Structure formats: structure tokens, C-alpha cells
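**Student:**
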Amino acid sequence: MFDSLKNKLQNIRTKFASNIEEATGAEVEPPQPRGNAEAAPPLARPESPAVLEEREKPTLISRVKVFVREREILIQEKDIEEPLSELEMVLLENDVALPVTDEIISRMRAELVGRHRRIGDSVDDLVVSTLRSALCGVLGEGFDLLRYVEEHERPVKILFTGVNGTGKTTTVAKVGHYLQKNGFSVVIGAGDTFRAGAIEQIVTHADRLGIRVVR
Numbered sequence: 001m002f003d004s005l006k007n008k009l010q011n012i013r014t015k016f017a018s019n020i021e022e023a024t025g026a027e028v029e030p031p032q033p034r035g036n037a038e039a040a041p042p043l044a045r046p047e048s049p050a051v052l053e054e055r056e057k058p059t060l061i062s063r064v065k066v067f068v069r070e071r072e073i074l075i076q077e078k079d080i081e082e083p084l085s086e087l088e089m090v091l092l093e094n095d096v097a098l099p100v101t102d103e104i105i106s107r108m109r110a111e112l113v114g115r116h117r118r119i120g121d122s123v124d125d126l127v128v129s130t131l132r133s134a135l136c137g138v139l140g141e142g143f144d145l146l147r148y149v150e151e152h153e154r155p156v157k158i159l160f161t162g163v164n165g166t167g168k169t170t171t172v173a174k175v176g177h178y179l180q181k182n183g184f185s186v187v188i189g190a191g192d193t194f195r196a197g198a199i200e201q202i203v204t205h206a207d208r209l210g211i212r213v214v215r
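Quick note: the sequence shown uses the UniProt record's numbering, first residue 1, plus one each step.
Right, here's the structure in full:
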């Protein structure tokens, strides 16, 4: 399940990078002269101040070259709308709640649209950092498990629940190991009597960690 999700997210990262590169990555080259026409010979007489002033005005091409030379390109909403829609579908298909999905998409759109991207910077790094920022923003400051255990009456009971295939058993083992490393004694209660092999799996993890299991 997680491999499938990782592959889908990788495809979306590629789509983001491709769209942004396509929309903002190309440098503008000045038009080349047609045929073999030679440059006109210099004027024999001095140019008037008005002509000199006109010559000094920047042309469209020169302005674009200066813009590109500054190496910053503006990301527009149309550049990221398609991969954002795909990301929304992937999150919903993988049981991310609609309000959470909306918040992630909204944060990514707000952070990317109108952003000045420096030419040469990794677009993939930009997309990954934006997605990471959106996820961290949705999750908030997080949950301090050690403080929770320290501040509550012993024994502290932690219940893991969720749909099949989301990694509950492995997470139980990881949390147990984390608590062990921080000086707490741990006992695992094997309460999954529905899935075939669930108890055997948690017992295997617990044996490797030296944690007692109550069945």
C-alpha cells in the first residue's frame, strides 16, 4: 500500500517539476537576422540627440534578457493546477480526510503561486519542500509522547486502531522500542483478533525487542 502511495507521489513530483520547468525554465533568445544581409554602414554624420535617445531606449528583447539574467521566474497558478488536482485525488484515494486534503492543497497553492523561482534551482527540491511545509502545517506542533507518558498515571495505556494494511502492528513495535530507549518499561497487549496472523506478527516484533506480550 505504502509503495503504491510513494510511487504516486513521486509521479506527481515529476509532474510538478515538468510543468514548472516547461512554463518557466526556457530562456528567451533574441531573433536571428534573416538571410545573409550585412549590417548597414555607419552614418557619416553625427546622430542628433533625439536619435541617440531613441537608440538608448531598451528594446523588448533587451528587457527580456535582463529579466532572464536576473534569473527569477514567476510561477503562475495555471502551471501547477493539473498536478495539484492529481495530488488531491491521490490523497483522497489513500484515506486522507477531505478537510485535511483541502488544507494541504490550499497551503501548497498559496506557497507556490506567485513565487519567484530562481533559474537553475532544483524544481523537485522546491516541490518537496513545499509539500513538506504543507504537511507540517496541517499536523501542527505534533504530539509529545514522552511528556504524555510522564504526566499521566501509570500504567499509561495507548490504543492503536485503524483500517487494515496501514502499518499498525509495525508502528506498535516502533513506539514500544522508542519508549524502551527512553527508560520506560513496555508491555504490548495483542488485541487484533480479526486479522489472520496479527498476533503472531506482533509477538515476533516483541520477541526481537525483548517486550512482553499479553494475549
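C-beta atoms are modelled at their ideal positions from N, C-alpha and C, and glycine is treated no differently. Quick caveat: nothing in here was measured; it's all calculated off a predicted structure.
If VAL128 sits next to ARG13, beta carbons under 8 Å apart, how far is it from one beta carbon to the other, in whole angstroms?
**Tutor:** Confirmed, Cβ separation roughly 7 Å.
**Student:** Considering only the beta carbon of each residue, do LEU92 and THR101 sit closer than 7 Å?
**Tutor:** Going by C-beta atoms, LEU92 is nearer than 7 Å to THR101.
**Student:** For GLU151 and LEU84, what's the separation of their Cα atoms in angstroms?
**Tutor:** Cα to Cα, the separation comes out at about 42 Å.
**Student:** Might you give, ordered along the chain, the residues of its own chain that have their beta carbon closer than 7 Å to the beta carbon of ILE104, omitting 5 neighbours on each side?
**Tutor:** If we look at ILE104 and ignore the five residues flanking it on each side, its Cβ neighbours are LEU91, ALA134, LEU135 and VAL138.
**Student:** In terms of residues, what are the limits of the alpha helix (DSSP H) holding GLY189?
**Tutor:** Segment 187-189 is the beta strand (DSSP E) holding GLY189; no alpha helix (DSSP H) there.
**Student:** Excluding sequence positions up to five away, which residues of its chain have a Cβ less than 8 Å from the Cβ of TYR178?
**Tutor:** Counting only Cβ-Cβ distances below 8 Å, and skipping sequence neighbours, we find LEU145.
**Student:** Quick check on VAL187: buried or exposed, where buried means 16 or more other Cβ atoms within 10 Å of its Cβ?
**Tutor:** By the neighbour-count rule (16 or more Cβ atoms within 10 Å), VAL187 is not buried but exposed.
**Student:** Between the C-alpha atoms of PHE160 and GLY142, what's the straight-line distance to the nearest angstrom?
**Tutor:** Distance between the alpha carbons of PHE160 and GLY142 is about 17 Å.
**Student:** At 3 residues or longer, what runs of the beta strand (DSSP E) sit wholly inside the stretch 132-193?
**Tutor:** Runs of the beta strand (DSSP E) inside the stretch 132-193: 187-189.
**Student:** Take ASN94 as the anchor and find which of SER106, GLY162, ILE80 and PRO155 has the nearest alpha-carbon.
**Tutor:** Selected option, being the one with the closest Cα: GLY162.
**Student:** Of the residues ARG208, GLY165 and ILE158, which one's Cα is nearest the Cα of ALA196?
**Tutor:** Considering only alpha carbons, the answer is GLY165.
**Student:** Measure how close the beta-carbons of ALA190 and VAL214 come, nearest whole angstrom, since I'm counting them as under 8 Å.
**Tutor:** Sure, about 7 Å apart at Cβ, within 8 Å.
**Student:** Would the beta-carbon of ASN19 fall within 7 Å of that of ASP79?
**Tutor:** Taking 7 Å as the Cβ cut-off, ASN19 and ASP79 qualify as a contacting pair.
**Student:** Just the Cα atoms here: how many angstroms apart are ALA206 and ILE75?
**Tutor:** One C-alpha to the other measures close to 50 Å.
**Student:** Between GLY167 and LEU9, what straight-line distance do the alpha-carbon atoms span, to the nearest angstrom?
**Tutor:** Approximately 19 Å, taken between the alpha carbons.
**Student:** How would you label LEU98, buried or exposed, when you count the other beta carbons within 10 angstroms and need 16 or more for buried?
**Tutor:** It is exposed - the Cβ of LEU98 has fewer than 16 other Cβ atoms within 10 Å.
**Student:** Kindly identify the DSSP beta-bridge partner or partners of VAL213.
**Tutor:** Partner(s): ILE188.
**Student:** DSSP three-state label for ASN7, please.
**Tutor:** The answer is helix: DSSP assigns ASN7 an H, G or I state.
**Student:** Closer than 7 Å by C-beta to GLU200: which residues in its own chain qualify, once you throw out the five before and the five after it? Chain order, please.
**Tutor:** Hits under 7 Å: none found.
**Student:** What does a CB cutoff of less than 7 Å around PHE184 pick up in its chain, not counting 5 residues either side in sequence?
**Tutor:** These residues qualify, in order along the chain: VAL149.
**Student:** So which of GLY114, ALA110, ARG115 and LEU131 has the shortest CA-CA distance to LEU87?
**Tutor:** LEU87 has its Cα closest to that of LEU131, out of GLY114, ALA110, ARG115 and LEU131.
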